[in-house]
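Everything below concerns the one structure shown next.
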Amino acid sequence: MLIDRLDELVTIVRELGRPVASLLVPGTSRGEVERAYGAPVPEDVATWFGWCNGVRSEPGQIQDTVNLVPGYRPLSAAEAAALRPAYEDDPVLGTRWMPLLGGPSGDLYAAVWSGNERPGIAGVLIGEPTEIEFADTERLVDFFVRCYRQGAFTVGSDGLLTMDTDRYDAIYADIAGG
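The opening residue of the sequence shown carries number 28 in my numbering; numbering runs sequentially from there.
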């Protein structure tokens, strides 16, 4: 279940002493998410924002402090909705999508859906073509959990998140192909 995998991800970052674990803003209601989005959202999107509605900002905080995974922090429903107009011409995103995680340069992981289907997850990298990278939200979170558990995401001696790209790519190939 998606919520169980999200809770497992938080447990991992908490065990690693990542500051983001204590900065996660409690989730919000489906109604609040739909008000921010302006229309009904799929269950996975409601579950995501019901689990976490962004991260708390504190004085002196650096980007790494709020990153749940290297380069990306959880967005609030309001932040996510506010980002949508900047990507309105992206043909992969279309009209029914909601960012879940964002990076400082505008990179995103976003839930993308049509009709009543479960949303896929698009990777939006500024300057690169947008691609659907994961079949669903649970697969995205499973990927992050596996990256932590299998050493693709680690905390360096400087206390910052690091990524082993070879392990990351191998785990991605397994998840995306599965």
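C-beta: ideal position from N, C-alpha, C; glycine also.
Inset, instruction - Taking only the alpha-carbon atoms, compute the straight-line gap between Glu165 and Gly44 and give it to the nearest angstrom. - result: For the purposes of this step, residue 165 is identified with residue 138 of the sequence shown, where counting begins at 1. For the purposes of this step, residue 44 is identified with residue 17 of the sequence shown, where counting begins at 1. So the two alpha carbons sit approximately 24 Å from each other.
Inset, instruction - State buried or exposed for Ala104, treating a residue as buried only when at least 16 other CB atoms are found within 10 Å of its CB. - result: One-based indexing of the sequence shown puts residue 104 at position 77. When all chains shown are included, Ala104 counts as buried.
Inset, instruction - Using three-state DSSP, classify Leu135 as helix, strand or coil. - result: Position 108 of the sequence shown holds residue 135. Reduced to three states, the DSSP call for Leu135 is strand.
Inset, instruction - Might you give, ordered along the chain, the residues of its own chain that have their beta carbon closer than 7 Å to the beta carbon of Ala261, omitting 5 neighbours on each side? - result: As displayed, the chain neither begins before 28 nor continues past 205, which places residue 261 out of reach and without an answer.
Legend entry - Given Ala63 as reference, the closest of Ser132, Ser84, Arg111, Pro53 once Cα atoms are compared: Within the sequence shown, numbered from 1, the residue matching residue 63 stands at position 36. Closest option to Ala63, judged by alpha-carbon separation, among Ser132, Ser84, Arg111, Pro53: Arg111.
Inset, instruction - Starting from the C-beta of Arg135, find all residues in its chain whose C-beta is less than 6 Å away, skip the five residues before and the five after it, and write them out in chain order. - result: Taking the first residue of the sequence shown as 1, we reach residue 135 at position 108. According to the sequence provided, residue 135 is Leu. The question's Arg does not apply to it. Taking Leu135 as the centre and dropping the five residues before and after it, the same chain places the C-beta of Pro126, Gly129, Val151 closer than 6 Å to its C-beta, in chain order.
Inset, instruction - For Val182, collect the residues of the same chain with a Cβ closer than 8 Å to its Cβ; drop the 5 residues on either side in sequence, then sort them by chain order. - result: Here residue 182 is taken as the residue at index 155 of the sequence shown, counted from 1. Excluding sequence positions up to five before and after Val182, its CB lies within less than 8 Å of the CB of Leu43, Gly44, Arg45, Leu188, Thr189, all in the same chain and listed in chain order.
Legend entry - Candidates Val82, Pro86, Leu50, Leu95: closest to Cys174 by CA position: Translated into positions along the sequence shown, residue 174 becomes position 147. The alpha carbon of Cys174 has as its nearest neighbour, out of Val82, Pro86, Leu50, Leu95, the alpha carbon of Leu95.
Legend entry - Bridge partners - Ile148, DSSP secondary structure assignment: One-based indexing of the sequence shown puts residue 148 at position 121. Answer is Ala138, Phe161.
Inset, instruction - From the DSSP output, in three-state form, read off Leu128 for me. - result: On the sequence shown, position 101 is the one that residue 128 refers to. The answer is strand: DSSP assigns Leu128 an E or B state.
Inset, instruction - Give a yes or no on whether the C-beta atoms belonging to Val139 and Leu120 are separated by under 8 Å. - result: Residue mapping note: residue 139 aligns to position 112 of the sequence shown, counting from 1. Residue mapping note: residue 120 aligns to position 93 of the sequence shown, counting from 1. Yes. Within cutoff.
Legend entry - Same chain only: Cβ atoms within 8 Å of Ser141, ignoring 5 sequence neighbours per side: Numbered from its first residue, the sequence shown carries residue 141 at position 114. If we look at Ser141 and ignore the five residues flanking it on each side, its Cβ neighbours are Gly121, Arg123.
Legend entry - Top-ranked residue by Cα proximity to Glu61, from Thr157, Ala107, Asp163, Ser49: Here residue 61 refers to the residue found at position 34 of the sequence shown. Answer by Cα proximity: Ala107.
Legend entry - Per-residue DSSP class, three states only, for Pro86: Position 59 of the sequence shown, counting from 1, holds the residue named residue 86. Pro86 falls in the coil class under three-state DSSP.
Inset, instruction - Express the C-alpha separation of Phe161 and Ala203 in angstroms, rounding to a whole number. - result: Stepping through the sequence shown from its first residue, residue 203 is reached at position 176. Stepping through the sequence shown from its first residue, residue 161 is reached at position 134. Here the C-alpha atom of Ala203 lies approximately 6 Å from the C-alpha atom of Phe161.
Inset, instruction - Could you name each continuous beta strand (DSSP E) segment of 3 residues or more that falls completely within the region 37 to 67, going from the start of the chain to the end? - result: Listed in chain order, the complete beta strand (DSSP E) runs (minimum 3 residues) inside the region 37 to 67 are 51 to 53.
Inset, instruction - State the start and end residues of the unbroken beta strand (DSSP E) segment that holds Val72. - result: The residue you call residue 72 lines up with position 45 of the sequence shown. Element bounds for Val72: not the beta strand (DSSP E) but the alpha helix (DSSP H), 70 to 78.
Legend entry - Run of the beta strand (DSSP E) containing Leu102, from where it starts to where it stops: Residue 102 sits at position 75 when you count from the first residue of the sequence shown. In the DSSP assignment, Leu102 falls outside any beta strand (DSSP E), carrying neither H nor E.
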